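Chains S and E are the protein sequences, given in the same order. Be aware that the first sequence starts at 1, since it is given in UniProt numbering, and climbs by one per residue. Be aware that the second sequence starts at 1, since it is given in UniProt numbering, and climbs by one per residue. The beta-carbon is built from N, C-alpha and C at its ideal position, and this holds for glycine as well. In this text the structure is predicted, and so the values were computed from the model without any measurement. As structure tokens, the structure follows; a few thoughts come after it.
Number of protein chains: 2
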Amino acid sequence: MIEGVKQQKWWGWGEEGHAYSAEGKPKFAPFVLKMTGLDINAPIKPAPKFEDLTVPPSILGDELRAKLVDALGEGYVQDDDLTRVVHAFGKGVRDLMRVRRGDLGRVPDVVVYPADEAQVAAVMDAVVEADGVVIPFGGGSNIVAALEAVPGESRPVVSVNLGRLNKVLEIDEQSGLARIQAGVFGPDMEEQLQAKGWTMGHHPDSFVWSTLGGWIATRSSGMQSDKYGDIADITRGLRMVMPGQILELRPLPSTSSGPSVREMVIGSEGRLGIITEAWVNVHRIPEVREIQAYFFPDYYAGLKACEEIVHSDAKVMMARVSDAIETQYIMANGKETKSKVKKLASKGIQKLMESKKWDLEQIAMSFIGFEGSANDVRYQKGLVGKIVKKHGGFGVGSGPGALYDQKKYDTPYLRDYMLDRGLVCDVSETTTPWRHAADLHRKTTKAFNEAMERIGKRGVVFCHLSHSYHSGACQYFTFVVNDDTETAERNYDVAKRTIQQSFVDHHATISHHHGVGEEHSPWLEQDISPAGVFIQRKLFEGVDPGNNLNPGKIIHDGEPGITSNSPR
Amino acid sequence: MIEGVKQQKWWGWGEEGHAYSAEGKPKFAPFVLKMTGLDINAPIKPAPKFEDLTVPPSILGDELRAKLVDALGEGYVQDDDLTRVVHAFGKGVRDLMRVRRGDLGRVPDVVVYPADEAQVAAVMDAVVEADGVVIPFGGGSNIVAALEAVPGESRPVVSVNLGRLNKVLEIDEQSGLARIQAGVFGPDMEEQLQAKGWTMGHHPDSFVWSTLGGWIATRSSGMQSDKYGDIADITRGLRMVMPGQILELRPLPSTSSGPSVREMVIGSEGRLGIITEAWVNVHRIPEVREIQAYFFPDYYAGLKACEEIVHSDAKVMMARVSDAIETQYIMANGKETKSKVKKLASKGIQKLMESKKWDLEQIAMSFIGFEGSANDVRYQKGLVGKIVKKHGGFGVGSGPGALYDQKKYDTPYLRDYMLDRGLVCDVSETTTPWRHAADLHRKTTKAFNEAMERIGKRGVVFCHLSHSYHSGACQYFTFVVNDDTETAERNYDVAKRTIQQSFVDHHATISHHHGVGEEHSPWLEQDISPAGVFIQRKLFEGVDPGNNLNPGKIIHDGEPGITSNSPR
């Protein structure tokens with residue numbers, strides 16, 4: 001470990017000592033039992049001990065090591081087992097299952113911590129000259145297997161941790177632009193920006209454990225993208241270290257300088273180089289920020305309301321609607337309130353739903369966020385309120401929204417808690433045009449449930465609409481398979497493949513904001529057509545003829561459908 | 001000519017018989033005289049006769065011709081002189097100057113008019129197999145030399161006119177998406193959309209004489225991009241014919257499927273293939289559409305107001321501010337009113353300006369557009385009105401805006417009128433972050449004026465802010481050089497180069513929405529850095545190893561700074 005560079009657990013999400021707890025949530029255990037057949041109070045199988053792992057030895061040669069030490073200093077070239085294992089993969093549930101049974105895959109041979117762009121360039125040139133492999137590493141929260149070397153990689157593998165490039169370098173207050181180093185984690189970046197009255201407004205679920213460079217390299221999108229845009233909109237300029245040269249794209253609001261090099265770097269997942277800094281749109285912290293909660297009679301009414309909102313005069317910061325099961329999950333995961341007022345309010349809401357003759361098994365909870373001046377927020381809430389009402393919904397105030405806002409980054413810890421108990425949880429997210437949104441939800445849910453029946457396992461899938469655009473929306477699916485036997489990885493794989501196949505079969509993309517990595521590469525041709533993959537391949541081959549830059553990601557050339565983290 | 005496929009004049013803008021007229025504009029001649037020293041009433045030198053041209057013979061071989069005829073039918077393979085000359089270049093002022101003196105450059109050997117995607121593919125494959133050159137042709141309004149073969153091209157050159165692909169194929173009313181063929185001209189497309197209550201909202205100056213495919217291939221942006229977005233935002237999916245394969249990108253609101261292939265095709269200017277159709281965002285025709293006119297004490301106050309508008313809660317459909325000289329041009333180009341009310345109003349405005357002690361030589365005219373429900377437009381106008389006032393401006397109602405709206409596509413005809421009289425007019429447009437916007441205007445104006453002094457010619461440059469973004473704006477410069485001698489092209493070139501160099505020297509891009517072509521390629525490295533050009537080059541070389549697809553555009557490999565249409 002390097003001082004000032006945060007590091008996640010080697011076996012799970014986030015920092016050591018921080019975990020999910022079901023305490024004070026009496027409805028949680030019954031919910032899990034009902035949905036998956038799992039008793040969360042049964043004895044658990046916690047993660048193994050680090051000492052029990054067999055870490056393959058580093059094959060970094062002396063000559064390359066010497067060059068790296070020469071460029072960075074001894075302390076910033078680390079090849080101890082723990083550091084190497086932490087950098088061996090991201091935090092996909094496959095990664096977590098594998099590490100729990102001691103399958104570490106192709107562990108990098110060394111981890112380097114450059115201090116600045118010149119050092120990144122020195123590393124890049126030394127590794128490429130030695131015909132090694134360069135894998136950039138930000139927060140390590142990737143869940144599409146983009147951080148792991150391909151199985152059997154015989155060349156030295158160098159993981160480049162950007163954690164020391166963690167500063168907001170400059171704010172152009174007139175343009176609303178900030179120049180920020182790529183290795184900064186979400187909270188550190190926002191702290192530096194907010195100290196001066198600014199925010200980037202980019203809040204993916206991984207925010208606490210992901211970095212600006214990682215967001216750009218994977219085409220991230222945050223919960224507030226309805227207002228702030230995807231990372232592709234936010235990123236206006238950048239610098240990237242390539243073998244022997246540095247790409248510099250100056251910050252521009254828009255340009256017609258040929259095929260967009262900016263949009264080639266965004267989503268390149270390390271295959272074109274290492275992003276060192278970016279110019280991003282930043283905004284003054286708004287006077288008012290409110291997240292209102294609403295209920296709809298069912299998910300599809302909520303979808304229609306979101307569709308109508310983006311096509312109306314209204315503007316929102318976020319709009320989120322959970323389907324029936326996710327709504328039940330949210331309720332079950334809430335702490336029991338001791339406040340009499342809250343209990344009464346909750347009763348009142350239930351009575352209102354009953355009076356409307358809603359099917360309580362179908363209700364959908366929604367959070368819609370507003371930002372701006374007090375007056376504008378009032379105006380927008382009014383516009384949205386009318387649309388919600390038209391679709392049969394009603395508002396329940398800002399209390400639940402404030403709670404959601406507080407807890408929004410905690411979900412990944414639940415995954416480890418569940419893995420301890422033999423429940424495999426994962427997520428897949430996608431976008432479709434509005435026309436196909438409801439159908440996608442129905443068909444994907446159905447396909448998942450049929451797959452579970454086929455393999456004879458209990459499982460559950462639920463979903464929320466998370467991001468809206470003029471032409472469609474992102475739907476974010478969470479799915480769970482109850483299997484703690486040796487078939488767990490294979491059965492998980494069935495679930496994951498079923499969902500991804502349903503996406504491409506129903507007018508949806510392989511991923512809205514998690515990227516391709518090796519995980520989603522088997523579906524890439526079905527998404528962007530063979531000619532699209534051909535174009536990407538030519539780009540990668542042309543820029544990186546030696547295949548030194550994070551090979552195997554996005555386009556995987558091994559056996560079809562078999563990726564570095566396929567079940568074995 | 002092909003029935004149903006519109007064709008511009010071979011020697012100038014737009015359709016035969018349509019021209020600029022200064023009639024009824026008593027202030028126009030004095031304005032031109034004052035600014036440029038030119039008397040527009042002096043004898044003119046009109047465009048030459050077609051019979052006087054020497055058109056180089058076609059080198060299309062019999063074998064390729066036979067294949068093309070086989071694929072399309074005899075009538076859709078045309079190699080008569082007029083058709084070839086019309087397709088020899090776009091409508092840059094260099095093109096117009098050259099054609100007036102009979103320099104036709106490398107005229108294409110044949111023009112083909114495919115009826116559908118299969119025919120486009122047949123043409124593509126036949127030409128590439130014969131090692132010919134494929135140049136896609138839409139409305140022919142390109143002004144950056146993207147439609148002309150490189151000088152001395154020894155292979156057969158085939159211009160592919162997409163004009164028969166002119167239908168709106170499908171409207172997805174739920175998603176606000178339309179599938180439209182690439183060869184449709186702006187007015188024909190909007191007519192088909194508006195008949196069903198929809199609009200794309202994309203209105204570049206070239207609208208009447210440009211096509212959807214051309215907009216995508218050049219990264220176009222329309223006057224209403226503040227609301228509707230650039231073509232890169234509007235285009236959600238597309239199909240492109242490449243040698244031996246067809247790219248299909250399904251319509252998606254957003255995706256993280258690696259480097260964006262969509263954003264590689266947008267702006268590719270024919271170097272990756274021929275776009276045949278696209279899925280684009282379309283919107284219901286708004287209930288209310290209003291363009292309000294405002295005056296500011298000077299251009300820089302107007303710039304600041306636009307900056308504040310995009311950073312406020314307000315949303316506008318467009319915001320345009322003209323600098324002092326452009327404001328005077330607008331006034332001088334207006335028809336003399338006979339209405340007493342208008343005369344009085346005009347007097348009233350002048351009195352108000354005088355009472356505010358404005359320098360009448362500095363005033364800046366602005367048009368700001370609003371769309372939405374009547375209520376929302378009222379609300380947005382209120383927000384904008386406060387910002388305008390804060391920056392010293394005031395509104396003068398919607399009369400001038402309605403006039404602007406009517407006449408907005410007419411300006412290019414003025415260029416031919418001026419060329420008849422020995423005045424060379426051209427445009428260059430760019431974006432910068434807000435921080436550099438005012439400085440860019442001052443420095444570029446100064447550089448132009450100094451260049452004119454250096455060459456001893458009268459000239460004038462003026463400008464308007466045309467598109468606003470969160471981080472900056474597009475400024476659109478018009479410049480004029482008074483030279484009708486044999487040095488005209490060389491002196492024009494000095495002016496154009498001075499302006500482009502000022503752009504890249506002052507944090508601005510080579511073009512906001514006209515593209516690169518050969519015209520802007522000399523500055524590409526200064527804009528996107530040598531590594532950016534390297535990336536684009538590798539993309540082009542990988543996809544088109546035989547260099548058959550519109551070679552020489554965007555990246556030009558000849559003598560530095562010497563492009564197909566450099567002065568000779």
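Taking 7 Å as the CB threshold, residue 257/S lines the interface with chain E. The way I'd put it, the region 268–282 of chain E does touch the region 238–253 of chain E; three or more beta-carbon pairs between them come closer than 8 Å. Residue burial annotation: residue 21/E is exposed, with fewer than 16 other C-beta atoms found within 10 angstroms of its C-beta. Put simply, the CB of residue 527/E is near chain S, with a gap under 7 Å to one of its CB atoms. Against chain S, a Cβ distance below 8 Å from residue 474/E picks out 253 and 254.
Nearest in C-alpha terms to residue 218/E, of all of 237/S, 258/S and 187/S, is 258/S. Straight across, the Cα-Cα distance linking residue 76/E with residue 137/E is about 14 Å.
Straight through space, the alpha carbons of residue 5/E and residue 61/E are spaced by roughly 26 Å. DSSP places residue 215/E in the uninterrupted alpha helix (DSSP H) bounded by 212–218.
In the pairwise beta carbon analysis, the region 423–436 of chain S is classified as touching the region 472–489 of chain S: at least three pairs are separated by under 8 Å. For residue 228/E, not one C-beta of chain S is nearer than 7 Å to its own C-beta. Taking one beta carbon from each stretch, the region 449–468 of chain S and the region 303–318 of chain S have 3 or more pairs nearer than 8 Å; the two touch. Rounded to whole angstroms, residue 446/S and residue 539/S show a C-alpha spacing of 38 Å. Close CB contacts of residue 71/E within its chain, under the 7 Å cut and outside five residues either way in sequence, are with 119, 122, 123 and 126 (chain order). For residue 452/S, same chain residues with a beta-carbon under 6 Å away, outside a window of 5 residues either side, are 459 in chain order. By the rule that beta-carbons nearer than 7 Å mark a contact, residue 236/E touches chain S. Taking a Cβ-Cβ cut-off of 8 Å, residue 300/S has no neighbours in chain E, whose nearest Cβ is about 13 Å from it. Residue state for residue 141/S is assigned as coil, using DSSP reduced to three classes. Comparing alpha-carbon positions, the option among 444/S, 347/S, 362/S and 342/S lying closest to residue 398/S turns out to be 342/S. By DSSP's assignment, residue 194/S forms no beta bridge with any residue.
Rounded to whole angstroms, residue 371/S and residue 267/E show a C-alpha spacing of 35 Å.
With contacts defined by Cβ atoms closer than 7 Å, residue 247/E and residue 532/S form a contacting pair.
Between residue 7/E and residue 86/E, the C-beta spacing is below 7 Å. Within the region 441–507 of chain S, the complete alpha helix (DSSP H) segments at least 4 residues long are 488–505, listed from N- to C-terminus. Of all residues in the region 169–192 of chain S, those with a C-beta nearer than 8 Å to a C-beta of chain E are 172, 174, 175, 176 and 177, reading in chain order. For a Cβ distance threshold of 8 Å, residue set 530, 531 and 534 of chain E lies close to residue 245/S, ordered along the chain. Listed in chain order, the non-local C-beta contacts of residue 300/E below 6 Å within the same chain comprise 438, local neighbours out to five positions each way being set aside. The straight-line gap separating the alpha-carbon atoms of residue 443/E and residue 290/S is approximately 44 Å. Taking a C-beta distance under 7 Å as the contact criterion, residue 221/S and residue 513/E do not qualify as a contact pair. Under the Cβ distance rule, residue 110/S does not count among the residues neighbouring chain E, no pair being separated by less than 7 Å.
The alpha-carbon of residue 167/E is positioned some 8 Å away from that of residue 182/E.
Membership of residue 255/E in any beta strand (DSSP E) is not indicated, and neither H nor E is assigned to it by DSSP. Taken through DSSP and simplified to helix, strand or coil, residue 285/S comes out as coil. Non-local beta-carbon contacts of residue 88/E in its own chain, meaning distances under 7 Å to residues more than five positions away in sequence, involve 104, 105, 107, 108 and 148 in chain order.
Within the DSSP secondary-structure output, residue 113/E pairs in no beta bridge.
Taking a C-beta distance under 7 Å as the contact criterion, residue 26/E and residue 336/E qualify as a contact pair.
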